[in-house]
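The structure appears below as structure tokens.
Numbering (this note's numbering), first residue to last: 200 to 475.
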């Protein structure tokens with residue numbers, strides 16, 4: 200049939216050219232009406248109150264007080280589902296004013312997003328910002344996007360701030376916290392020849408007049424069995440004495456020194472001083 204929606208049909212007439220009769224016309228118009236009602240019902244079901252339309256994403260929004268988005272080099276997330284050993288890696292998509300990744304494809308359950316943002320800071324070191332965000336995907340899929348503010352760089356921010364050192368040619372990267380109350384650090388090397396690791400941390404208090412009084416210091420030095428089979432060090436205990444020494448004492452600046460060495464005297468050194 201070649202009937203067109205909107206054609207006017209008069210009772211008792213027949214259009215012999217295309218075989219379109221009054222009764223067929225009424226039947227087709229009824230079918231069209233039912234289809235339209237179905238589409239309207241589907242649309243109402245889709246646009247439920249409180250449910251967003253469009254893609255569902257986890258969005259990191261750069262607002263007043265955030266670090267400058269232009270300093271961000273890269274960002275990624277590791278998604279972990281409760282009860283599962285499998286982890287999902289995604290890169291953030293960088294848009295004007297935001298970083299985001301798609302979450303509508305996640306299955307129902309409790310999830311944790313372990314997020315990392317890498318940014319330039321100064322000539323002596325960059326910054327790595329880390330935050331973990333827990334959320335639940337209900338049966339039927341997530342209904343709304345999740346929005347978080349971007350890092351501010353403050354040590355009290357939800358994004359934990361690390362000094363980040365990297366020597367790309369040798370696959371060396373080192374992250375040490377800016378916050379003197381955080382004992383964690385991690386190191387990754389590309390080759391097994393790098394087997395000597397030295398980290399020195401200072402917390403200081405610059406007094407009126409310019410004198411910089413030491414509040415706490417500690418050295419961690421490892422030359423054997425330092426990393427896992429994938430040449431990664433993830434340590435949250437070695438600097439606990441440093442954290443305890445700082446305690447509730449006043450401090451306003453710090454210094455981090457890192458040396459990564461190999462046999463034959465080969466070494467890569469980083470140092471970074473900063474204000475709290």
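A virtual CB, placed ideally from N, CA and C, is assigned to each residue, including glycine.
The model shown is predicted, which means the values in this text are computed figures rather than measured ones.
Under the three-state reduction of DSSP, which class applies to residue i: helix, strand or coil?
{"i": "residue 411", "result": "strand"}
{"i": "residue 325", "result": "strand"}
{"i": "residue 460", "result": "strand"}
{"i": "residue 382", "result": "coil"}
{"i": "residue 472", "result": "strand"}
{"i": "residue 480", "result": "Examination of residue 480 is not possible in this model, given that the chain is present from 200 through 475 alone."}
{"i": "residue 373", "result": "strand"}
{"i": "residue 260", "result": "strand"}
{"i": "residue 349", "result": "coil"}
{"i": "residue 391", "result": "coil"}
{"i": "residue 273", "result": "strand"}
Buried or exposed for residue i, going by 16 or more other Cβ atoms inside 10 Å?
{"i": "residue 231", "result": "Confidence in residue 231 is poor, its pLDDT being 42 and thus under 50, which makes the residue's placement unreliable; the coordinate value appears in the next sentence. With fewer than 16 Cβ atoms within 10 Å of its Cβ, residue 231 is classed as exposed."}
{"i": "residue 468", "result": "exposed"}
{"i": "residue 459", "result": "buried"}
{"i": "residue 322", "result": "exposed"}
{"i": "residue 317", "result": "buried"}
{"i": "residue 438", "result": "buried"}
{"i": "residue 373", "result": "buried"}
{"i": "residue 312", "result": "buried"}
{"i": "residue 325", "result": "buried"}
{"i": "residue 367", "result": "exposed"}
{"i": "residue 364", "result": "buried"}
For residue i, tell me which candidate among the options has the shortest Cα-Cα distance.
{"i": "residue 275", "options": "299, 372, 319 and 424", "result": "299"}
{"i": "residue 286", "options": "269, 314 and 270", "result": "314"}
{"i": "residue 447", "options": "389, 374 and 403", "result": "403"}
{"i": "residue 369", "options": "390, 380 and 316", "result": "390"}
{"i": "residue 261", "options": "255, 270 and 254", "result": "270"}
{"i": "residue 279", "options": "388, 306, 267 and 254", "result": "306"}
{"i": "residue 290", "options": "284, 304 and 273", "result": "273"}
{"i": "residue 430", "options": "407, 327 and 394", "result": "394"}
{"i": "residue 388", "options": "255, 466, 284 and 264", "result": "466"}
{"i": "residue 420", "options": "443, 442, 386 and 407", "result": "386"}
{"i": "residue 462", "options": "292, 351, 284 and 396", "result": "396"}
{"i": "residue 432", "options": "408, 277 and 384", "result": "384"}
{"i": "residue 288", "options": "410, 277, 295 and 282", "result": "277"}
{"i": "residue 376", "options": "356, 335 and 293", "result": "356"}
{"i": "residue 310", "options": "295, 445 and 332", "result": "332"}
{"i": "residue 371", "options": "426, 282 and 453", "result": "426"}
{"i": "residue 436", "options": "320, 283, 282 and 382", "result": "382"}
{"i": "residue 410", "options": "362, 366 and 452", "result": "452"}
{"i": "residue 424", "options": "295, 392 and 336", "result": "392"}
For residue i, which residues in the same chain have their Cβ closer than 8 Å to its Cβ, ignoring the five residues on either side in sequence?
{"i": "residue 258", "result": "297, 298, 299, 344, 345, 346 and 347"}
{"i": "residue 440", "result": "417"}
{"i": "residue 338", "result": "307"}
{"i": "residue 281", "result": "308, 309, 310 and 311"}
Span of the beta strand (DSSP E) holding residue i?
{"i": "residue 305", "result": "No beta strand (DSSP E) contains residue 305, which DSSP labels as neither H nor E."}
{"i": "residue 298", "result": "297-301"}
{"i": "residue 285", "result": "Looking at the DSSP string, residue 285 is not in any beta strand (DSSP E), and its letter there is neither H nor E."}
{"i": "residue 449", "result": "Taken as a continuous stretch (DSSP letters only), residue 449 belongs to no beta strand (DSSP E), as it is neither H nor E."}
{"i": "residue 400", "result": "395-405"}
{"i": "residue 365", "result": "359-366"}
{"i": "residue 293", "result": "292-294"}
{"i": "residue 432", "result": "431-434"}
Which residue comes first and which comes last in the alpha helix (DSSP H) that contains residue i?
{"i": "residue 443", "result": "439-445"}
Excluding the five sequence neighbours on either side, which residues of its own chain have a C-beta within less than 6 Å of the C-beta of residue i, listed in chain order?
{"i": "residue 378", "result": "354"}
{"i": "residue 268", "result": "261"}
{"i": "residue 359", "result": "329"}
{"i": "residue 408", "result": "none"}
{"i": "residue 454", "result": "401 and 472"}
{"i": "residue 399", "result": "418 and 456"}
At the 8 Å Cβ level, is residue i part of the contact set with chain D, yes or no?
{"i": "residue 353", "result": "The structure shown contains no chain D; it is built from a single protein chain."}
Within the same chain, show all residues whose beta-carbon is closer than 7 Å to that of residue i, passing over the 5 residues directly before and after it, in chain order.
{"i": "residue 450", "result": "379, 402, 403, 404, 414 and 475"}
{"i": "residue 341", "result": "255, 302, 303 and 305"}
{"i": "residue 266", "result": "318, 349, 350, 351 and 352"}
{"i": "residue 327", "result": "315, 317, 361, 363 and 374"}
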